[in-house]
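S.K.: Counting from 118, one number per residue, gives the positions in the sequence shown under this note's numbering. Backbone N, C-alpha and C fix where the C-beta goes; we use that ideal spot for every residue, glycine too.
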Amino acid sequence: MDDEFAKEHGLMTDKELADMDQRWKKTEEEALKNMLKHFDRIHDKLFNFNNILIAGYFALSKLEKEISLATILIPIANLVVLLYIEYKMMEKNRFESEITKKPPHEIELWGKKIVRTNQYSLLAIISTSIVLLLFLRYLLS
Numbered sequence: 118m119d120d121e122f123a124k125e126h127g128l129m130t131d132k133e134l135a136d137m138d139q140r141w142k143k144t145e146e147e148a149l150k151n152m153l154k155h156f157d158r159i160h161d162k163l164f165n166f167n168n169i170l171i172a173g174y175f176a177l178s179k180l181e182k183e184i185s186l187a188t189i190l191i192p193i194a195n196l197v198v199l200l201y202i203e204y205k206m207m208e209k210n211r212f213e214s215e216i217t218k219k220p221p222h223e224i225e226l227w228g229k230k231i232v233r234t235n236q237y238s239l240l241a242i243i244s245t246s247i248v249l250l251l252f253l254r255y256l257l258s
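#1: Under DSSP, the alpha helix (DSSP H) around L128 begins and ends at which residues?
#2: Is P220 helix, strand or coil by DSSP?
#3: Report yes or no: do three or more beta-carbon pairs, one from the region 194–210 and one from the region 239–246, lie closer than 8 Å?
#4: So for I159, helix, strand or coil by DSSP?
#5: If you drop the 5 nearest sequence neighbours on each side, which residues of the same chain put their C-beta closer than 8 Å to that of H76?
#6: Locate the alpha helix (DSSP H) running through K205, then write down its first and last residues.
#7: So what's K230 in DSSP terms, helix, strand or just coil?
#8: Beta-carbon within less than 7 Å of I224's beta-carbon, same chain only, minus the 5 sequence neighbours each way: which residues are those?
#9: Out of curiosity, what's the CA-to-CA distance linking V248 and L170?
#10: One question on the structure: do K219 and W227 come within less than 9 Å of each other, judged by their Cβ atoms?
#11: Using the Cβ count rule (16 or more neighbours within 10 Å means buried), how would you classify N165?
#12: For F122, which residues from the same chain have a beta carbon less than 8 Å from its beta carbon, with the 5 sequence-adjacent residues on both sides left out?
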């Protein structure tokens, strides 16, 4: 189909289709960048909230004699989980910063690992929620 035929019949020309395809690819790239920013912001908020919970557990153990100081290990264990997730995200970014220099088999293997990114974020949310629920249980008992 030539451009004149397309214009006559209200269809998009080849150039318009190519431009639209380029815009979609750019939108895809921007969405990926934004998604990673959102993951980073979520992880930062969980990290900060966990630090508040560490202080809360410490305060509870000092105010309530029946609550052991060892309960502070609960949010500290969660902190270790959050640090591990941050490390994995850093590793992901390091790999992707040199992705054009990697052989295809490494990229394919990495693609299988990258699926876990969402799972790590979900793990961070769940583990921090559990720490919060335990804190509330200690606080209200």
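M.R.: In this structure, then:
#1: Note, L128: premise wrong, no alpha helix (DSSP H); not H, not E.
#2: coil
#3: yes
#4: helix
#5: Residue 76 cannot be examined here, being either before or after the span of the chain that is shown, 118 to 258.
#6: 190–214
#7: helix
#8: I216
#9: 8 Å
#10: yes
#11: exposed
#12: L128
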